[in-house]
Amino acid sequence: MVVVTLADLRYRYRQFLIAVLGAGLVMAMALLLAGLVGGFTAETNQTVGGVSADRWVLSTGSSGRIAAVGLFPQSEAAVIGRLPGVVRADPLVLLPGEVAVVGGKTITVNIMGVRTGGLGDPVVTSGRPLTAAGQVVVDPRSGAGIGTTLAVGGRRFRVVGQVDDRTLIAGGPMVYMGLADSQAVALEGRQLVTAVVTRGAPAHTPPGYLVLTAAAVEQRNLAALSSAVSSINNTKILMWVVAAVIIAALLYVSALQRVGDFAVLKALGSSSLALLGSLALESVLVSLAAAAFGAAICHFMVGLFAQPLAIPSSAFVTLPLVAVAVGLLSSLVALRRATGADPAAAFG
Amino acid sequence: MARLVVDDLTVEFPSSGYTVRPLDHFSFRAGDGELVVLLGPSGCGKTTLLSCLAGLLTPTSGSIDFDGTEVTGLGGAALSEYRRRTVGVVFQAFNLIPSLTARANVMVPLRLAHVPRAEAGARADALLDQVGLDERGHHRPGQMSGGQQQRVAIARALVQDPPLVLADEPTAHLDYIQVEGILRLLRGIAAPGRMVVVATHDDRITELADTVVELAPHLPDDQRQPRLSTLVAGAVLFRQGDPSDLVYVVESGEVELYRTRGDGSEERLAVAAPGNYFGELGPMLNLPRSANARALGDAVVTGYGTRLFRALHPSDRSAGA
Numbered sequence: 000m001v002v003v004t005l006a007d008l009r010y011r012y013r014q015f016l017i018a019v020l021g022a023g024l025v026m027a028m029a030l031l032l033a034g035l036v037g038g039f040t041a042e043t044n045q046t047v048g049g050v051s052a053d054r055w056v057l058s059t060g061s062s063g064r065i066a067a068v069g070l071f072p073q074s075e076a077a078v079i080g081r082l083p084g085v086v087r088a089d090p091l092v093l094l095p096g097e098v099a100v101v102g103g104k105t106i107t108v109n110i111m112g113v114r115t116g117g118l119g120d121p122v123v124t125s126g127r128p129l130t131a132a133g134q135v136v137v138d139p140r141s142g143a144g145i146g147t148t149l150a151v152g153g154r155r156f157r158v159v160g161q162v163d164d165r166t167l168i169a170g171g172p173m174v175y176m177g178l179a180d181s182q183a184v185a186l187e188g189r190q191l192v193t194a195v196v197t198r199g200a201p202a203h204t205p206p207g208y209l210v211l212t213a214a215a216v217e218q219r220n221l222a223a224l225s226s227a228v229s230s231i232n233n234t235k236i237l238m239w240v241v242a243a244v245i246i247a248a249l250l251y252v253s254a255l256q257r258v259g260d261f262a263v264l265k266a267l268g269s270s271s272l273a274l275l276g277s278l279a280l281e282s283v284l285v286s287l288a289a290a291a292f293g294a295a296i297c298h299f300m301v302g303l304f305a306q307p308l309a310i311p312s313s314a315f316v317t318l319p320l321v322a323v324a325v326g327l328l329s330s331l332v333a334l335r336r337a338t339g340a341d342p343a344a345a346f347g
Numbered sequence: 000m001a002r003l004v005v006d007d008l009t010v011e012f013p014s015s016g017y018t019v020r021p022l023d024h025f026s027f028r029a030g031d032g033e034l035v036v037l038l039g040p041s042g043c044g045k046t047t048l049l050s051c052l053a054g055l056l057t058p059t060s061g062s063i064d065f066d067g068t069e070v071t072g073l074g075g076a077a078l079s080e081y082r083r084r085t086v087g088v089v090f091q092a093f094n095l096i097p098s099l100t101a102r103a104n105v106m107v108p109l110r111l112a113h114v115p116r117a118e119a120g121a122r123a124d125a126l127l128d129q130v131g132l133d134e135r136g137h138h139r140p141g142q143m144s145g146g147q148q149q150r151v152a153i154a155r156a157l158v159q160d161p162p163l164v165l166a167d168e169p170t171a172h173l174d175y176i177q178v179e180g181i182l183r184l185l186r187g188i189a190a191p192g193r194m195v196v197v198a199t200h201d202d203r204i205t206e207l208a209d210t211v212v213e214l215a216p217h218l219p220d221d222q223r224q225p226r227l228s229t230l231v232a233g234a235v236l237f238r239q240g241d242p243s244d245l246v247y248v249v250e251s252g253e254v255e256l257y258r259t260r261g262d263g264s265e266e267r268l269a270v271a272a273p274g275n276y277f278g279e280l281g282p283m284l285n286l287p288r289s290a291n292a293r294a295l296g297d298a299v300v301t302g303y304g305t306r307l308f309r310a311l312h313p314s315d316r317s318a319g320a
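First to last, the protein sequences are chains A and B.
Going left to right, the first sequence walks through residues 0 to 347 as numbering that gives the first Met the number 0 numbers them.
Going left to right, the second sequence walks through residues 0 to 320 as numbering that gives the first Met the number 0 numbers them.
Given below as structure tokens:
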């Protein structure tokens, strides 16, 4: 029956090709959606992890979300720095969703004001680090090249360096600047901060503050995206269903076309189980081909998205497994046509 | 000694609410090595009989014995084994798998029986050579003529070297040159150890046959005198499925024409009054009666042979059935 199955795939290759293309594109979309969800996690991990802090001290009003501005005096950094267990403490200002202008183009960026040489000061991947006021280090997604000017909050900054993979809130590029610059941009120069990051862990939590690990900060920030993640995941499931429907529709049409063949094969001694196996094999092969096509399409489309996509490698392992499951489920649609074929019908 | 004994075979099945009986207490027997021709028009039960012989259809009653095996008593694995090993079938429309080459089509029954690929391929090559298609083994059915496809179908039927080969209208889709080749082939494979049963409506084939079985025997349509019948109220003149012999003209009284449905209920079709005639198509087309005829009250009818009827009743006053 394997020979019959493969021959049928060759014989009807055009219609199978259409199914592979259709289902493959849908699978690519499912992979990209997985990449979107993965991107949320990856960018948060990279940006929060890039601060290299053991603990984040945030005001209780922020609920632990660094993107939620909960201001407190910069002087608290010194107080926290003196807590038992703390080796070093640096103030930090995170200003999400600031409007910036790069080369005449308006973009939305996330500003992180850091103490030069302190925790949070980014390790540049090109150019040089922050050394003085009026300088910024940016994520390349901002479109600001080294040596160009970036305007934000009515001030102009010179881009001195770039740091890769630093985005937040669905691909918003990070702009790192000196602490005082960030306070001048959005806090009218007041010496307020949104976080204090520490090397070493405070022995106790100061009143009015939350002390969180980087992992906890990442988790709380991702929780803010939970409804978006849930919607994307639901859409992803829908994509799989659509892929299954495409393959099932093809198989059903194929089974209708092959009812005569099924009758003949039964008349020649084939069992219903063998026919079902043939359909299932056909379906699985089409699904796997669609999965391979989808993975290839996805590979080429990742770069087209402004938002960073992080497709988990597990998705490429899961994809063929889900494809096989989709294929087997799809073959059930055509099951009745195959098993119900009356061998006597072969006589016409 | 006869190897095939069909005894009192009846097949009936529901169709559009009615019970159709293509085979009604049918019997025949044939001997080893014979070419048996089942002759009859479309709808007379030839294909139904072949399906029963092939083990693809279970008759309502009766028995089929082939070489000591009670075919109608087989089931499950034994029936599958009978289909695979004992019977080779040549279908009317060739019924080759369109996606497979001629060689692969011939190999299918062997591969289904788990014969190794190399062995199945060698057997297919030998048979394609035997039917004169050794050069066409790698062509698909769509690339071959009807005669060539039929030869492939015959090779496929022979691939398990079955003792019984069944062919359904093997010449139906062929031109006369191809017909000659196919008939020569079928005649040649009917030899000691193998019986060939051919179902056809083409009575020219009977010249080649060892045994001819007429499934719808032509009833004599002689020039005998019209037959007058007197029916008492409720008397049945003929029943649905009966052989058709005469056309009836109502002389007096009324005759009800009705069908019996599958659930036993009756459906009235017409009532034939004096001067009306009914039951003309059955004898003309050599088909069984498609309805029952019953006297509503006392009635008198005259039965005519078709030739005499057509000579005497050129006008159309049919009541049907």
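By construction, the Cβ of each residue, glycine as well, lies at the ideal position given by its N, Cα and C atoms.
**Message:** So for V300 of chain B, helix, strand or coil by DSSP?
**Reply:** By 1-based counting over the second sequence, the position of residue 300 of chain B is 301. DSSP places V300 of chain B within a strand segment (E or B) once states are collapsed to three.
**Asked** So, helix, strand or coil for V50 of chain A, using DSSP?
**Response** On the first sequence, position 51 is the one that residue 50 of chain A refers to. DSSP places V50 of chain A in coil when its eight states are reduced to three.
**Item:** Backbone secondary structure at D31 of chain B - three-state DSSP
**Value:** Your numbering for residue 31 of chain B matches position 32 in the second sequence. Here D31 of chain B sits in coil by DSSP.
**Asked** Helix or strand or just coil, what does DSSP make of T124 of chain A?
**Response** In the first sequence, the residue the question calls residue 124 of chain A occupies position 125. In the three-state reduction of the DSSP assignment, T124 of chain A falls in the coil class.
**Prompt:** Is DSSP giving T105 of chain A helix, strand or coil here?
**Reply:** Residue numbering aside, residue 105 of chain A sits at position 106 when the first sequence is read from its first letter. In this structure, T105 of chain A counts as strand in the three-state DSSP scheme.
**Prompt:** I110 of chain A: buried (16+ other C-beta within 10 angstroms of its C-beta) or exposed?
**Reply:** Mapped onto the first sequence, residue 110 of chain A falls at position 111. Answer is buried; the Cβ neighbour count reaches 16.
**Message:** Does the beta-carbon of E75 of chain A, which I'm using as the reference point, lie nearer than 8 Å to any heavy atom of the ligand NAP?
**Reply:** As for the ligand NAP, it is missing from this structure, which has no ligand bound.
**Request:** Note the first and the last residue of the continuous alpha helix (DSSP H) segment covering T338 of chain A.
**Result:** Taking the first residue of the first sequence as 1, we reach residue 338 of chain A at position 339. Where T338 of chain A is concerned, the enclosing alpha helix (DSSP H) starts and stops at 312–338.
**Asked** What residues from chain A crowd round L111 of chain B, counting only those whose CB sits closer than 8 Å?
**Response** Taking the second sequence and counting its residues from 1, the one referred to as residue 111 of chain B is at position 112. For L111 of chain B, the residues of chain A that pass the 8 Å Cβ criterion are M0, L264, L267, G268, S269, A273, in the order they occur in the chain.
**Asked** Quick one, which residues of the region 76–97 of chain B are near chain A if we go by CB-CB under 7 Å, in chain order?
**Response** Residues of the region 76–97 of chain B with a C-beta less than 7 Å from any C-beta of chain A: S79, R82, R83, V88, F90, Q91, A92, N94, I96, P97, listed in chain order.
**Prompt:** Hey, how far is the Cα of T124 of chain A from the Cα of V162 of chain A?
**Reply:** Residue mapping note: residue 124 of chain A aligns to position 125 of the first sequence, counting from 1. Residue mapping note: residue 162 of chain A aligns to position 163 of the first sequence, counting from 1. The C-alpha of V162 of chain A is placed about 5 Å away from the C-alpha of T124 of chain A.
**Item:** Among B:M143, B:G240, B:Q142, nearest to G42 of chain B - alpha-carbon criterion
**Value:** Translated into the one-based positions of the second sequence, residue 42 of chain B becomes position 43. For the residues B:M143, B:G240, B:Q142, the minimum Cα distance to G42 of chain B belongs to B:G240.
**Prompt:** So what's M143 of chain B in DSSP terms, helix, strand or just coil?
**Reply:** Looking up residue 143 of chain B in the second sequence gives position 144. Coil, per DSSP.
**Prompt:** On the three-state DSSP scale, how would you describe G187 of chain B?
**Reply:** As a first step, residue 187 of chain B must be located in the second sequence, where it is residue number 188. It is helical.
**Message:** Quick check: the Cα distance between L82 of chain A and R140 of chain A, rounded to an integer number of angstroms?
**Reply:** In the first sequence, the residue the question calls residue 82 of chain A occupies position 83. In the first sequence, the residue the question calls residue 140 of chain A occupies position 141. Near 38 Å, if we compare the C-alpha coordinates of R140 of chain A and L82 of chain A.
**Item:** Cross-chain neighbours of P108 of chain B in chain A, by beta carbon under 8 Å
**Value:** Position 109 of the second sequence, counting from 1, holds the residue named residue 108 of chain B. In chain order, L267, G268 make up the part of chain A whose C-beta sits under 8 Å from the C-beta of P108 of chain B.
**Request:** Enumerate in chain order the residues of its own chain whose CB-to-CB distance from R226 of chain B is below 6 Å, with the five nearest sequence positions on each side excluded.
**Result:** As a position in the second sequence, residue 226 of chain B is number 227, starting the count at 1. Taken in chain order, the residues that qualify are G302.
**Item:** Cross-strand partners of R258 of chain B (DSSP beta bridge)
**Value:** In the second sequence, residue 258 of chain B corresponds to position 259, counting from 1. Bridge partners of R258 of chain B: B:E266.
**Asked** Three or more C-beta pairs closer than 8 Å, one from the region 125–133 of chain B and one from the region 60–74 of chain B: is that the case here?
**Response** The answer is no - the region 60–74 of chain B does not touch the region 125–133 of chain B, with fewer than three Cβ pairs under 8 Å.
**Asked** Taking a cut of 9 Å between CB atoms, which residues from the region 327–342 of chain A lie near chain B?
**Response** Cβ contacts with chain B: D341, P342.
**Item:** Beta-bridge pairing of R226 of chain B - partner residues as DSSP gives them
**Value:** Position 227 of the second sequence, counted from the start, is the residue given in the question as residue 226 of chain B. B:G302.
**Item:** Residue-chain proximity (R155 of chain B, chain A), Cβ-Cβ < 9 Å
**Value:** Translated into the one-based positions of the second sequence, residue 155 of chain B becomes position 156. At least one CB of chain A lies nearer than 9 Å to the CB of R155 of chain B.
**Message:** On the criterion of 16 or more Cβ atoms from any shown chain inside 10 Å, does S225 of chain A qualify as buried, or is it exposed?
**Reply:** Residue mapping note: residue 225 of chain A aligns to position 226 of the first sequence, counting from 1. The residue in question, S225 of chain A, is exposed, as its Cβ has fewer than 16 Cβ neighbours within 10 Å.
**Prompt:** Per DSSP, what kind of secondary structure is E279 of chain B in: helix, strand or coil?
**Reply:** Taking the first residue of the second sequence as position 1, residue 279 of chain B is located at position 280. E279 of chain B falls in the coil class under three-state DSSP.
**Request:** Could you tell me which of A:S270, A:L91, A:G293, A:G116 sits nearest to V196 of chain A, measuring between CA atoms?
**Result:** Along the first sequence, one-based indexing puts residue 196 of chain A at 197. The candidate whose alpha carbon is nearest that of V196 of chain A is A:L91.
**CB contact flag (T107 of chain A, V98 of chain A, <9 Å)** = In the first sequence, residue 107 of chain A corresponds to position 108, counting from 1. In the first sequence, residue 98 of chain A corresponds to position 99, counting from 1. Yes, they are a contact pair.
**Below-9 Å beta-carbon distance, A121 of chain B vs any chain A residue** = Taking the second sequence and counting its residues from 1, one reaches residue 121 of chain B at position 122. Chain A contact via Cβ: absent.
**Message:** In whole angstroms, give me the CA-to-CA distance for A359 of chain B and V254 of chain B.
**Reply:** With chain B running from 0 to 320 in the structure shown, residue 359 of chain B is simply not present.
**Message:** Tell me which residues of the region 8–28 of chain A have at least one Cβ-Cβ distance to chain B shorter than 9 Å, keeping chain order.
**Reply:** Hits within the stretch, in order: L8, R9, Y10, R11.
**Member of A:M173, A:R198, A:G276, A:V321 whose CA lies at the smallest distance from the CA of D53 of chain A** = The count along the first sequence starts at 1 and reaches residue 53 of chain A at position 54. When each option's Cα is compared against that of D53 of chain A, the closest is A:R198.
**Message:** Suppose contacts are defined by Cβ-Cβ distances below 9 Å. Is G146 of chain B in contact with I176 of chain B by that definition?
**Reply:** Translated into the one-based positions of the second sequence, residue 146 of chain B becomes position 147. Translated into the one-based positions of the second sequence, residue 176 of chain B becomes position 177. Contact: yes.
**Asked** For R139 of chain B and chain A, any beta-carbon pair shorter than 9 Å?
**Response** Residue numbering aside, residue 139 of chain B sits at position 140 when the second sequence is read from its first letter. It does: the Cβ of R139 of chain B has a partner Cβ on chain A nearer than 9 Å.
**Message:** Only counting the same chain, and skipping five residues up and downstream in sequence, which positions put a Cβ closer than 6 Å to that of A88 of chain A?
**Reply:** Here residue 88 of chain A refers to the residue found at position 89 when the first sequence is read from its first residue. Taken in chain order, the residues that qualify are A76, I79, G80, V195, T197.
**Asked** According to the neighbour-count rule (16 or more other Cβ atoms, all chains shown, within 10 Å of its Cβ), is M0 of chain B buried or exposed?
**Response** Your numbering for residue 0 of chain B matches position 1 in the second sequence. With a pLDDT of only 47 at M0 of chain B, under 50, the local geometry of the prediction cannot be trusted, and no value is derived from it.
**Contact set for H137 of chain B: own chain, Cβ-Cβ below 7 Å, skip 5 residues either direction** = Taking the first residue of the second sequence as position 1, residue 137 of chain B is located at position 138. Cβ within range, chain order: T100, R102.
**Prompt:** In whole angstroms, what separates the C-alpha of L8 of chain A from that of L250 of chain A?
**Reply:** Working through the first sequence from its first residue, we reach residue 8 of chain A at position 9. Working through the first sequence from its first residue, we reach residue 250 of chain A at position 251. Approximately 11 Å, taken between the alpha carbons.
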